[in-house]
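What follows is one structure encoded as structure tokens, with my remarks underneath.
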Amino acid sequence: MQRGRSGFLGIDASDSLSLQERLERFPWGLIILLTITVLFGLVILYSAVGGQENLHFIYKQLGRFLTGMVLMFVIALMCEEKLFRHQAYLVYAIILLLLILVAVFGSVGMGARRWLDLGVMRIQPSELMKVGVILALARFYHDRAVDPHLGFRQLAGLILLILTPLGLIVKQPDLGTAVLIASVVCVIIFVAGLSWKTLIFAILIFGASLPVVWNSLHDYQRQRVETLFFPERDPLGSGYHIIQSTIAVGSGGMTGKGFLAGSQSHLDFLPERHTDFIFSVLAEEWGFLGGMVILLLYGLIILRGMMIAISAGDRFGFLLAAGVTALFTFQVVINIGMVIGLLPVVGIPLPLISYGGSSMVTILAAMGLLAHVAIYSKYHGRAVRSI
Amino acid sequence: MLQNEHLQFIANAKRRMFMLVGFKGILFVLLGMRLFYLQMMKGGAYRDLAENNRISLQPEPALRGRIFGRNGEILVENSPNYCLEVIPELSGGLERLLYRLQPYLDLTQEDLEIVLKRARSQRSFLPLNVQSHLSWEEMSGIEARIHTFPGTELRIHPLRYYPYGEFATHFLGYLGDVSESERKMSKNHHYRSGDLIGKAGVEKSAESRLRGKEGVREMEVNAFGRQVRQLSFDPPQPGEDIHLTLDVDLQMEAERMMVGKNGSIVAMDPSNGEVLAMVSQPSYDPNIFIRGMTNRQWRELIVNPKMPLTNKSVQGQYPPGSTFKMAVALAGLAGGHITPNDQFYCPGYLTRQEHRFYCWKFRGHGSLDLKQALAQSCDVFFYKLAEKVGIDAIEHYGRGFGFGEISGIALPGERAGLMPSRSWKLARYRKPWYPGETLITAIGQGYMLATPLQLANMIATIANGGTLYRPVIERQNKPQLFHSKHKLNLRPEHLAYVREGLEEVVKGRLGTAKKVQPENLRVAGKTGTSQVVRHRRNVGGKVIQTDNESYKDHALFVAYAPTENPKIALSVVVEHGGSGSSSAAPIAMGILERYFEQKSDQNKT
Chain H
1 MQRGRSGFLG IDASDSLSLQ ERLERFPWGL IILLTITVLF GLVILYSAVG
51 GQENLHFIYK QLGRFLTGMV LMFVIALMCE EKLFRHQAYL VYAIILLLLI
101 LVAVFGSVGM GARRWLDLGV MRIQPSELMK VGVILALARF YHDRAVDPHL
151 GFRQLAGLIL LILTPLGLIV KQPDLGTAVL IASVVCVIIF VAGLSWKTLI
201 FAILIFGASL PVVWNSLHDY QRQRVETLFF PERDPLGSGY HIIQSTIAVG
251 SGGMTGKGFL AGSQSHLDFL PERHTDFIFS VLAEEWGFLG GMVILLLYGL
301 IILRGMMIAI SAGDRFGFLL AAGVTALFTF QVVINIGMVI GLLPVVGIPL
351 PLISYGGSSM VTILAAMGLL AHVAIYSKYH GRAVRSI
Chain Z
1001 MLQNEHLQFI ANAKRRMFML VGFKGILFVL LGMRLFYLQM MKGGAYRDLA
1051 ENNRISLQPE PALRGRIFGR NGEILVENSP NYCLEVIPEL SGGLERLLYR
1101 LQPYLDLTQE DLEIVLKRAR SQRSFLPLNV QSHLSWEEMS GIEARIHTFP
1151 GTELRIHPLR YYPYGEFATH FLGYLGDVSE SERKMSKNHH YRSGDLIGKA
1201 GVEKSAESRL RGKEGVREME VNAFGRQVRQ LSFDPPQPGE DIHLTLDVDL
1251 QMEAERMMVG KNGSIVAMDP SNGEVLAMVS QPSYDPNIFI RGMTNRQWRE
1301 LIVNPKMPLT NKSVQGQYPP GSTFKMAVAL AGLAGGHITP NDQFYCPGYL
1351 TRQEHRFYCW KFRGHGSLDL KQALAQSCDV FFYKLAEKVG IDAIEHYGRG
1401 FGFGEISGIA LPGERAGLMP SRSWKLARYR KPWYPGETLI TAIGQGYMLA
1451 TPLQLANMIA TIANGGTLYR PVIERQNKPQ LFHSKHKLNL RPEHLAYVRE
1501 GLEEVVKGRL GTAKKVQPEN LRVAGKTGTS QVVRHRRNVG GKVIQTDNES
1551 YKDHALFVAY APTENPKIAL SVVVEHGGSG SSSAAPIAMG ILERYFEQKS
1601 DQNKT
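Protein chains in written order, with the numbering used here: chain H, 1 to 387; chain Z, 1001 to 1605.
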């Protein structure tokens, strides 16, 4: 079975697989985990929006899930192997353009300029940029595989690649997404092989720059951080979200109050309970056990993603899969962390569960990329040999 | 070389991926630990917090007890206050609805704007009070069309109502918003700001019984305070009804006689100390406190020098004047200082230590005995008697009749009056008692002060044969005695003699109240005139009459009737009324006459 050029790990990878082969190589386990999570999420959402009366939320969310699934399959199955690597910068550039458009024409909601109205739908380009940056960075490091040492021009290019979208997003302002993207960028750079010396140096620089960042934050952003540590200072104001969601989570106990029986959720004490704070509805009604189940599902998805990364057919695929998995991980950790009072309240939705179109479709599209990497992985059909 | 470096990269990447797995694992473990802490370790505490969030305790006010008169007349009740309320979120446009309601209500454009302003400051699912105290016409007009006004409701709130209006006002009292100090004082009764509390009269003194016990409704509420459902209901216990001894007919008659005057009337049943009537003038309508009054109305009540808010029957303190002579007479008889046969001569004055003590009758009374001295109210006679009796015995008898002490009547703000004594003067002025002060004390002047209630109780004690009762306003199983440290030791023959003298006041040829003697009723009484300021006299010693209203004497009269079997004892005080015989006695006589006429009419039918 001799095919074209050698793959990422020196093993032959297919240049063109038949649809049959692609379907065989498709990571069905991952898709099943995603689907279970989404279905569980719909059950929680049903409770969060108040049950029967607001069934249209469920239909809408289900529709988004199906749309995302279609997109995922198209990305995973219908695109040829090198398409994303070749078009990575183009995708990145288009999303960057959208971000610039938002900065200029975007509509303002809750004091931030995040939405772009395309007539048929409203999108949040910062959501798309999460994937855009991953693609661009994967491509950047893929191209430098032959000579990993970066010259001045390359380093400047890399920094520009990262900081341009980050700057635009911070300016919206959407600190949560910016931090999320920055974390993902760090992971990619880390697995791409940044030397430890540079890494430690970067961490020190970062630590030193914290006070500067703190001073440049908007008042409401600073308040959120303060609120995290002292929510009781302002129980009806900025501390309200954290206090009420902590009460909801805590009062769930081990087994929870039961489906549709969460008093915090159903009596409107929980803010944003169908979007960013949906985890507290889950924790209140399904308790510690429900929370563990969700964490387990997420954990399995993440592990599977990292396995796909390791078995990727080339460096681009490796970095793409690692980036997508990191994005997914951080979104889970930041969202749950803020709901249970470990992290400041930033607008990061819970992947696959929070109500919202941009998040759902973006995550599923990213999962499509992951599946794409899996399809063109090195192991399939072969014994594991050399790792 | 290239291949080698490539393999190195792969090995490095794998190593870093495993480190990353560890890092992500740590993050997940942190999340799990935090969940374990919140849900497994602190779950109970957070469950309590969630319950507190969920449950709102709503007070359900208890219906306040009613107050009845002696014969079951309703004197204070709770009337329905019809209120129009709108739930803005159901109204389909509040402003439009209000304009549609306007023709049926008594609402000006400004009122509407105030309602709209209030609507903006409260949650739209909470009922908004548009107008209270709807008239019958307004209510029926809206009720007939209520289905055309979405979200509109007619609600009935209980409202304190005084059906007789300005009647026994000081006795019954009124309600007002509880004050901060009242809230602090009554801890166990649990008042909230905005609650009503008795501010005067029976409403105040019987507050704890009238109020009842508030109920509690346990409601499940959401974060905005909207009620979702009722969890439990502890119903309120209505307040106790109070049955007073007040005789409505007598009270009405007494009030009628006091119209336009200032002062007090207290009527009691001498056989048990029950208060039958209590008037204090000027007065006011307690309903204005309930429905709200204008600032001007309130200021007029507060700054009025005639003090309409004071219950003068128990709070007013007046020199008892000559009404006190009966007590001095009994002290003299009991102490053996005088007998019915003894006579004194009255030239119109008595000179002691170069000071001239005048009799009210400038020309003097001539020779008279104790009975005549009472009937004609001779001051000189009592000066002379007082010298024999002495201040200590006078004080003893004064206190024995209840002067200088609060009676303990169940009405707020009662004052004690003042029964002067040697020790009192020493303590108060650091000066010894002067003999001349004994003389003026004997005619109820000088330091001595008494409330109209004390005066009524004194005459009631004379009327019932010497028993001092504690004045009560509610029916008792057994009359309560007034336990004074100063026991009256009255011999029946002495009492009978003094009572004869009091009868002579009314029916005697020279009696001070003979002009107003009723036709078919035998009344015994005693006039009194108490000086407000020292009388100015001309060179000859004649009193110069003053034109200044507020310097005029207070007119007093105490009486009981019928003499053979007393049913009523009463005191009348007319502030600045002039003399007791000309201004207070006619009032008392008028009341007694009409009262017994009505009683006999009622008995006939």
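Glycine residues also receive a C-beta, built at the ideal position from the N, C-alpha and C atoms.
Out of Gly258(H), Met338(H), Gly262(H), Ile308(H), which has the shortest C-alpha to C-alpha gap to Ile242(H)? Checking every option, the nearest Cα to that of Ile242(H) belongs to Met338(H).
Assuming contact is defined by CB atoms lying nearer than 8 Å, are Pro1059(Z) and Glu1214(Z) in contact in what I supplied? Note that the C-beta distance between Pro1059(Z) and Glu1214(Z) is below 8 Å.
I need the DSSP call for Ile1074(Z), collapsed to helix, strand or coil. Three-state DSSP puts Ile1074(Z) in a strand.
Interface residues of chain Z facing Phe318(H) [CB-CB closer than 7 Å]: Think of a sphere of 7 Å around the beta carbon of Phe318(H): the chain Z residues whose beta carbon falls inside it are Ala1013, in chain order.
Pairing CB atoms from the segment 1374–1392 of chain Z with CB atoms from the segment 1356–1364 of chain Z, are three or more of them under 8 Å? Enough Cβ pairs lie closer than 8 Å, so yes.
For Gly1390(Z), which option in Lys1552(Z), Gly1436(Z), Gly1413(Z), Lys1515(Z) has the closest C-alpha, if you only look at C-alpha atoms? Of the candidates Lys1552(Z), Gly1436(Z), Gly1413(Z), Lys1515(Z), the one whose C-alpha sits nearest the C-alpha of Gly1390(Z) is Gly1436(Z).
Listed by chain order, chain Z residues near Thr198(H) by CB distance under 8 Å: For a Cβ distance threshold of 8 Å, nothing in chain Z lies close to Thr198(H): the least Cβ distance comes to about 14 Å.
Spatial neighbours of Leu972(Z) within its chain, please: CB distance less than 8 Å, with the 5 preceding and 5 following residues excluded, ordered by chain position. Residue 972(Z) is absent from the model: chain Z starts at 1001 and stops at 1605.
Would you call Met254(H) buried or exposed, if buried means 16 or more other Cβ atoms sit within 10 Å of its Cβ? Exposed, by the Cβ-count rule.
Under 8 Å Cβ-Cβ, which residues of chain H neighbour Gly1022(Z)? Listed along chain H, no residue sits closer than 8 Å to Gly1022(Z) by beta-carbon distance, the nearest being about 11 Å off.
Do the segment 1263–1278 of chain Z and the segment 1136–1153 of chain Z meet, that is, are 3 or more Cβ pairs less than 8 Å apart? Segments in contact, no.
What is the rounded straight-line gap between the Cα of Arg382(H) and the Cα of Leu370(H)? Because the pLDDT of Arg382(H) is 43, which lies under 50, any placement of that residue in the model is unreliable, and the number read from its coordinates should be weighed accordingly. Near 20 Å, if we compare the C-alpha coordinates of Leu370(H) and Arg382(H).
Going along the chain, which residues of its own chain have a beta-carbon closer than 8 Å to the beta-carbon of Met1257(Z), five neighbours each way excluded? Residues Ile1265, Ile1587, Gly1590, Ile1591 of the same chain have their beta carbon placed closer than 8 Å to that of Met1257(Z), with the five preceding and five following residues left out of the count.
Which class does Arg1226(Z) belong to by DSSP, given the choice of helix, strand or coil? Arg1226(Z) sits in coil when the DSSP states are folded into three classes, being neither helix nor strand.
Cβ shell of Asn1222(Z) (< 8 Å), same chain only, five flanking positions each side left out: Once the five neighbours on either side are set aside, the close Cβ partners of Asn1222(Z) are Val1228.
Endpoints, alpha helix (DSSP H) assigned at Met1219(Z): Premise fails: Met1219(Z) lies in the beta strand (DSSP E), 1215–1221, not in any alpha helix (DSSP H).
Can you give me the C-alpha to C-alpha distance between Asp1195(Z) and Leu1175(Z), rounded to a whole angstrom? Each residue's Cα considered, the two are about 10 Å apart.
Curious, which full-length alpha helix (DSSP H) runs of at least 4 residues does the segment 1461–1526 of chain Z contain? Runs of alpha helix (DSSP H) with 4 or more residues, each lying fully within the segment 1461–1526 of chain Z, are found at 1492–1507, listed in chain order.
Residues bridged to Ser1280(Z) by DSSP? Per DSSP, Ser1264(Z).
If we count Cβ pairs, one from each stretch, closer than 8 Å, do we get three or more for the segment 1067–1084 of chain Z versus the segment 1157–1166 of chain Z? Yes, the segment 1067–1084 of chain Z touches the segment 1157–1166 of chain Z.
Taking C-beta pairs closer than 8 Å, name the residues in chain Z that Thr329(H) reaches, listed in chain order. Contacts between Thr329(H) and chain Z, judged by CB atoms closer than 8 Å, involve Lys1024, Leu1027 in chain order.
8 Å Cβ cutoff met for Phe26(H) and Ile301(H): Their beta carbons are not under 8 Å apart, which means Phe26(H) does not touch Ile301(H) by this criterion.
Please list, in chain order, all residues of the same chain as Tyr1397(Z) whose beta carbon is under 8 Å from its beta carbon, the five residues on each side excluded. The answer, listed in chain order, is Ala1327, Val1328, Leu1330, Ala1331, Ala1334, His1486, Leu1488.
Kindly identify the DSSP beta-bridge partner or partners of His1355(Z). Note: His1355(Z) is bridge-paired with Arg1352(Z) in the DSSP secondary-structure output.
Nearest to Ser1458(Z) by CA position, among Glu1493(Z), Gln1102(Z), Pro1420(Z), Arg1499(Z), is which residue? Correcting the residue type first, residue 1458(Z) is Met in the shown sequence and not Ser. For Met1458(Z), the nearest C-alpha among the options comes from Arg1499(Z).
Look at the alpha carbon of Ala1168(Z) and the alpha carbon of Phe1125(Z), and state the distance between them as a whole number of angstroms. Straight-line spacing of the CA atoms in Ala1168(Z) and Phe1125(Z) works out to 44 Å.
Where are the alpha helix (DSSP H) runs, 4 residues long or more, that stay fully inside the segment 1315–1399 of chain Z, in chain order? Listed in chain order, the complete alpha helix (DSSP H) runs (minimum 4 residues) inside the segment 1315–1399 of chain Z are 1325–1334, 1370–1376.
Could you tell me which residues DSSP puts in a beta bridge with Ile334(H)? Beta-bridge partners assigned by DSSP to Ile334(H): none are found.
Rounded C-beta distance between Glu1405(Z) and Ser1484(Z)? I'm assuming under 8 Å. That belief holds up - the Cβ atoms of Glu1405(Z) and Ser1484(Z) are roughly 7 Å apart, short of 8 Å.
Are any of the Cβ atoms in chain Z nearer than 8 Å to that of Met338(H)? Taking Cβ atoms only, chain Z never reaches closer than 8 Å to Met338(H), which makes this a no.
Which whole runs of the beta strand (DSSP E) in the segment 1013–1071 of chain Z are 3 residues long or more, in chain order? Entirely contained in the segment 1013–1071 of chain Z, the beta strand (DSSP E) runs reaching 3 residues are, in chain order, 1055–1060.
Out of Gly305(H), Leu168(H), Leu39(H), which one is the CA nearest neighbour of Thr329(H)? Out of Gly305(H), Leu168(H), Leu39(H), Gly305(H) has the C-alpha closest to the C-alpha of Thr329(H).
Taking C-beta pairs closer than 7 Å, name the residues in chain Z that Val191(H) reaches, listed in chain order. Contact annotation for Val191(H) against chain Z: Ala1013, Arg1016, Met1017, Leu1020 [CB-CB distance below 7 Å, chain order].
Verify the CB distance criterion: does Phe269(H) have a CB-CB separation below 8 Å to chain Z? Cβ-Cβ to chain Z under 8 Å: yes for Phe269(H).
Taking 8 Å as the threshold (C-beta atoms), are Phe1482(Z) and Ser1407(Z) in contact? Going by C-beta atoms, Ser1407(Z) is nearer than 8 Å to Phe1482(Z).
Does chain H have any CB closer than 8 Å to the CB of Asn1222(Z)? It does: the Cβ of Asn1222(Z) has a partner Cβ on chain H nearer than 8 Å.
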